[in-house]
């Protein structure tokens, strides 16, 4: 049995919520309808002009250049949600769950727009995202077809359309020398895995790569953040241990009263990972699309300054606790 945080939101957390909103706003700004996100002389402009891989599967380079918008919108939407949840006095665990979605979305962007890869490799990666999406789409649509309604024409049409898309990718992959792979699913009824060359990295690998893209990152932080956020995102009981602030005995044997809350230590770890992921992805998008450094750097400096203040608060608290322990 537990009680959740109901006291006033600390100023440190209000500051974190504000930074998340501001960074979300800047992240989506280049993709607004009236804002050309591809700048002249950028790698994105060069790839957009490359039509050598056009075919029945579409315009691959055009799709690569515009793929970022979807993942950016997902990340920004959940950044706004994190901000709202932080300010909501009745919520605690959801901050961790939402940060997981942000990190996964940023991980895909970090991987797709990795510098130093050529057009073919970027196209291969984009089509692996597409093939995974088509497979999951087919799994979802099949769930709407029941024995009571076997002639669900909308679902059938969707399955036929996705099948045509998969066949087009398979045909053009062979024509352009990509290695189309097919792996049977071990679970009956689920779509088989389809990919070009190598599979899309796992969420864990994407988050690890996202958070090690900076020289200041400690080894293993990606794996740690993946595990911490997985626990809350998947409703696993051990995830709540990071939110237990105080335990008291109850009148009923075998039942304890636990005060749930978000300590500044855990809060700074979650937001620090998100800030780091945002910065690493922004650098890759900036370099790919040719964006200017400002105003992003100003906002990110402010976020990092606040993060460093949180660390100072933690150091002082730890030092005080150590001094008190030494007196006893």
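Numbering (our numbering), first residue to last: 44 to 371. Cβ atoms here follow ideal geometry from the backbone N, Cα and C, with glycine treated the same way.
Kindly indicate which three-state DSSP category residue i falls into: helix, strand or coil?
i: residue 98; result: strand
i: residue 247; result: helix
i: residue 17; result: Outside the modelled stretch of the chain, which goes from 44 to 371, sits residue 17, for which no answer is possible.
i: residue 237; result: strand
i: residue 224; result: strand
i: residue 230; result: coil
i: residue 356; result: helix
i: residue 306; result: coil
i: residue 279; result: coil
i: residue 318; result: helix
i: residue 215; result: helix
i: residue 255; result: coil
i: residue 15; result: Coverage of the chain is limited to positions 44 through 371, which leaves residue 15 absent and any answer about it impossible.
i: residue 265; result: helix
i: residue 150; result: helix
i: residue 417; result: The requested residue 417 is not part of the displayed model; the chain covers only 44 to 371.
i: residue 334; result: coil
Can you tell me which of the options puts its alpha carbon nearest to the alpha carbon of residue i?
i: residue 69; options: 101, 115, 103, 89; result: 115
i: residue 241; options: 177, 167, 59, 58; result: 167
i: residue 315; options: 131, 244, 143, 338; result: 143
i: residue 118; options: 131, 235, 64; result: 64
i: residue 81; options: 278, 67, 273, 335; result: 335
i: residue 238; options: 269, 230, 270, 177; result: 177
i: residue 202; options: 215, 213, 182; result: 182
i: residue 135; options: 122, 275, 58; result: 275
i: residue 146; options: 344, 327, 313, 328; result: 313
i: residue 66; options: 204, 352, 249, 343; result: 343
i: residue 267; options: 231, 309, 243; result: 309
i: residue 72; options: 127, 107, 111; result: 111
i: residue 213; options: 265, 174, 75, 264; result: 174
i: residue 125; options: 132, 137, 133; result: 137
i: residue 217; options: 128, 90, 96, 104; result: 96
i: residue 255; options: 222, 221, 320, 337; result: 320
i: residue 205; options: 106, 331, 185, 327; result: 185
i: residue 223; options: 170, 248, 265, 180; result: 170
i: residue 346; options: 337, 332, 210, 318; result: 318
i: residue 121; options: 133, 141, 105; result: 141
i: residue 93; options: 51, 161, 113; result: 161
i: residue 180; options: 196, 208, 358, 154; result: 208
i: residue 211; options: 356, 103, 154, 226; result: 103
i: residue 74; options: 337, 332, 226, 338; result: 332
i: residue 62; options: 355, 356, 341, 357; result: 341
i: residue 219; options: 165, 132, 98, 154; result: 98
i: residue 221; options: 164, 83, 58, 322; result: 164
i: residue 249; options: 197, 230, 225, 324; result: 324
Am I right that residue i and residue j are in contact with their C-beta atoms under 8 Å? What's the rounded C-beta distance?
i: residue 85; j: residue 271; result: With 8 Å as the limit, residue 85 and residue 271 do not qualify as a contact, their Cβ atoms being about 36 Å apart.
i: residue 253; j: residue 149; result: 6 Å
i: residue 228; j: residue 236; result: 7 Å
i: residue 311; j: residue 350; result: 6 Å
i: residue 251; j: residue 100; result: About 30 Å separates the two Cβ atoms, so there is no contact after all.
i: residue 158; j: residue 330; result: 6 Å
i: residue 328; j: residue 123; result: 19 Å between Cβ atoms; not a contact.
i: residue 60; j: residue 130; result: 5 Å
i: residue 90; j: residue 76; result: Going by Cβ atoms, the distance from residue 90 to residue 76 rounds to 22 Å, so no, they are not a contact pair.
i: residue 243; j: residue 326; result: Actually they are not in contact, since the Cβ atoms of residue 243 and residue 326 sit about 22 Å apart, beyond 8 Å.
i: residue 281; j: residue 247; result: No, residue 281 and residue 247 are not in contact; Cβ-Cβ is about 17 Å, not under 8 Å.
i: residue 55; j: residue 353; result: 6 Å
Report task. Quick one: which unbroken alpha helix (DSSP H) runs of 4-plus residues sit fully inside the region 53-138? Chain order, please. Result -> 54-71, 86-92, 103-130
- Note down, one range per segment and in chain order, each alpha helix (DSSP H) of at least 4 residues found wholly within the region 155-191. 162-185
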